[in-house]
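J.:
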Amino acid sequence: MIVQHYRITAIALELARPSETSPDGVDQRRSKEQGRSAFVVDPNSSATGQPYAGTVFNPYDTSQGLADVCITNPDTAGNVAPDGIPDGFVTPVRTYKAVEVEISKSFNNGWQMRTNYRWSTLAGNYEGAFRNDNGQSDPSISSLFDFTPGSLNMLGNQFAVGFLNTDRRHIFNNFISYTFSRSFLRNLTLGTGVRIESGIPVNDLRAHPVYQNGGEIPVGGRGALGRTSTLGEGDIHTEYMVRLGERHSLQFGADLFNVANQKTQLRVDQFHDASLGTPNFDFKLPRGSGNIGVAPAFQRPFNARLNVKWVF
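Okay, so the sequence shown: first residue is 113 according to our numbering, each after it adds one.
1) Counting pairs of beta carbons, one from the stretch 307–319 and one from the stretch 270–290, are three or more of them closer than 8 Å?
2) How would you label residue 177, buried or exposed, when you count the other beta carbons within 10 angstroms and need 16 or more for buried?
3) Residues bridged to residue 383 by DSSP?
4) Grab the span of the beta strand (DSSP E) containing residue 212 for me, first residue to last.
5) Please confirm whether residue 285 and residue 228 have their CB atoms less than 7 Å apart.
6) Give the straight-line distance between the Cα atoms of residue 383 and residue 344, rounded to the nearest whole angstrom.
7) Give every residue of the same chain whose Cβ lies closer than 8 Å to the Cβ of residue 161, excluding the five residues on either side of it in the sequence, and list them in chain order.
8) Counting beta carbon pairs with one atom in the stretch 319–330 and one in the stretch 376–390, are three or more of them shorter than 8 Å?
9) Could one say the Cβ of residue 208 lies closer than 7 Å to chain D's Cβ atoms, at least one of them?
10) Can you check which of these residues, 272, 260, 400, 214, is closest to residue 205 by C-alpha distance?
11) Give the range of the beta strand (DSSP E) segment to which residue 358 is assigned.
12) Taking one C-beta from the stretch 298–310 and one from the stretch 250–259 each time, how about it: are there three or more such pairs within less than 8 Å?
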């Protein structure tokens with residue numbers, strides 16, 4: 113059956129090229145002049161001109177040229193038999209590996225600390241219930257597994273295993289605070305937080321050949337366009353307590369985020385096409401994902417939060 117498949121393909125390619133005379137002797141130029149809507153070629157045609165079960169149909173459109181080709185089995189009078197090769201999907205892969213080192217100190221003698229570093233990889237061809245590389249919002253639906261790979265490889269590298277969109281190779285965190293217990297600074301707490309994260313992969317997502325919507329098929333492998341920049345941020349926390357008797361107190365606090373006012377770009381537009389055949393002019397430009405404010409394209413600028421608590 114496999115040999116017949118290649119043989120059929122060769123016939124179809126030959127028919128797709130306009131020629132003056134078809135294999136059964138019909139003048140195609142005359143067919144065009146008469147506005148014939150369909151051109152039938154049957155290597156096993158009967159004397160009456162009626163096609164057998166092995167007919168090759170090549171619909172002809174006078175305005176667009178040769179259209180789609182529908183090929184049956186020219187060597188048998190029945191249905192096309194299976195080739196014995198399963199047309200299954202590749203195995204979904206999502207593997208997370210990490211090594212983490214942490215040093216922590218519980219609050220004692222007025223101070224506490226927690227520091228950790230993580231090296232990790234997240235690789236595979238399946239992100240899970242959500243695809244966050246193209247902003248998917250409906251869970252448990254992945255267009256990457258709607259079709260099998262196929263011999264024509266129309267779906268590019270979508271089944272190739274690579275680093276997934278949330279893969280961060282390095283993450284470092286440090287939190288430390290100190291509470292004064294003497295002098296006029298008594299009951300004042302100062303703390304700092306430092307976070308450093310490596311960038312995430314950037315994909316070249318092309319339009320789906322069947323659905324025709326953009327941002328579906330990763331071409332060139334996952335992370336083909338490199339990674340986003342490393343993110344670093346430093347925060348400051350301060351808190352002051354005023355006692356109001358034995359059981360009551362007021363606590364005034366302030367949190368300062370991104371004190372250095374870093375403006376690192378976090379995400380880029382990975383859609384190479386707006387739709388099938390339509391370029392996306394924002395490709396590789398900054399772009400957020402999800403709802404506004406959930407996943408911005410840039411690091412949030414300096415911002416502060418003030419709070420007052422009544423403890424009783």
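Think of the CB as a built atom: it goes at the ideal place given N, C-alpha and C, for glycine as much as any other residue. Just so we're clear, the structure is a prediction, and the values are computed from it rather than from any experiment.
T.: Well, looking at it:
1) yes
2) Because residue 177 sits at a pLDDT of 48, beneath the cut-off of 50, its placement in the model cannot be relied upon, and the following sentence gives the value as read from the coordinates. Exposed, since its Cβ has fewer than 16 Cβ neighbours within 10 Å.
3) Paired residues: 317.
4) Counting along the chain, the beta strand (DSSP E) containing residue 212 begins and ends at 206–220.
5) Closer than 7 Å, so yes.
6) 27 Å
7) Unreliable positioning characterises residue 161 in this predicted model, as indicated by a pLDDT of 46, which lies under 50. The coordinate reading is nonetheless provided below. Excluding sequence neighbours, residue 161 sits near nothing in its chain.
8) yes
9) Absent from the structure is chain D; it holds one protein chain and no more.
10) 272
11) Careful: residue 358 lies outside any beta strand (DSSP E) and carries neither H nor E.
12) no
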